[in-house]
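Worksheet: one structure, shown below.
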Ligand code: 5RP
């Protein structure tokens, strides 16, 4: 349906359609990143994830940088962004456990299990998440799923184990693809495993974790999110 702006004498100034009012995915990411600020009030040191949604969150942290002591970062890229806006970045070893960790996800279920690692930062993300009391997951609504696995599952591997782990992934019913040319912050490789229908994410997380050569699997089910904020239309839904 077409609608339009009209001037006072009734002549058409500009036409628009309902398409013009669609909120973009990036706007949803920004919206949900802003909503996460409510969860870091009075939190001195914030755990910070990685990705385009978290980049918006970091940008919002600039406004409250004088109220916080700093952050623990899950990747080199987030560390650089935090430092650029004047936020001190601590090592996890210096801080001990954190109150809150804020991060995005590639997929999240109604049970708050997540598939992560699209940006390749899964290992440090899992470490900071494990050391945090509360995981606030921030996503746009394209990331919500009933069953994980449509997004290829990232698995970080020690380079010498890449082919072996790939064969093990085939045995589990997946189709592993080496993320060629990409090296993680830990100097390791990533296999993106396609076509897995992950009905029991906790069991699969344990199984893949136990394969020699696997550094981290991008399933965050044993330690899922505590709160999921979903950007949808002009609202943020809290799960
Ligand atoms: C990085 C991640 C990200 O959280 C995930 O890929 C979502 O990214 P984005 O916010 O860019 O959609 O796990 O390793």
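Numbering (my numbering), first residue to last: 336 to 574.
Glycine residues also receive a C-beta, built at the ideal position from the N, C-alpha and C atoms.
All figures in this text were calculated on a predicted structure; none of them were measured in a lab.
According to the DSSP assignment, residue 436 belongs to the beta strand (DSSP E) that extends over 433 to 438.
Going by C-alpha positions, residue 490 is about 25 Å away from residue 565. Contact check for residue 418 and residue 412: beta-carbon distance about 11 Å, past the 8 Å limit, so the pair fails to qualify.
For residue 391, the enclosing alpha helix (DSSP H) begins and ends at 387 to 396. DSSP places residue 380 inside the beta strand (DSSP E), whose first and last residues are 380 to 383.
The beta strand (DSSP E) runs of length 3 or more contained entirely in the segment 443 to 491 are, from start to end of the chain, 467 to 475. Within the DSSP bridge table, the entry for residue 406 names 381 and 424 as partners. Rounded to whole angstroms, the gap between the alpha carbons of residue 420 and residue 399 is 11 Å.
Here the distance from the Cβ of residue 451 to the nearest heavy atom of the ligand 5RP is below 8 Å. Across the structure, residue 518 and residue 505 are spaced so that their CA atoms are roughly 22 Å apart. Here the distance from the Cβ of residue 460 to the nearest heavy atom of the ligand 5RP is below 8 Å.
DSSP lists 528 as the beta-bridge partner residues of residue 511.
Annotation for residue 365 indicates a beta carbon at 8 Å or more from all heavy atoms of the ligand 5RP. Counting along the chain, the unbroken beta strand (DSSP E) around residue 572 starts and ends at 570 to 573. Beta-bridge pairing by DSSP links residue 565 to 474 and 572. Counting along the chain, no beta strand (DSSP E) covers residue 505; the unbroken alpha helix (DSSP H) around it starts and ends at 497 to 506. Residue pairing by DSSP places residue 519 opposite no residue, since no beta bridge is assigned to it.
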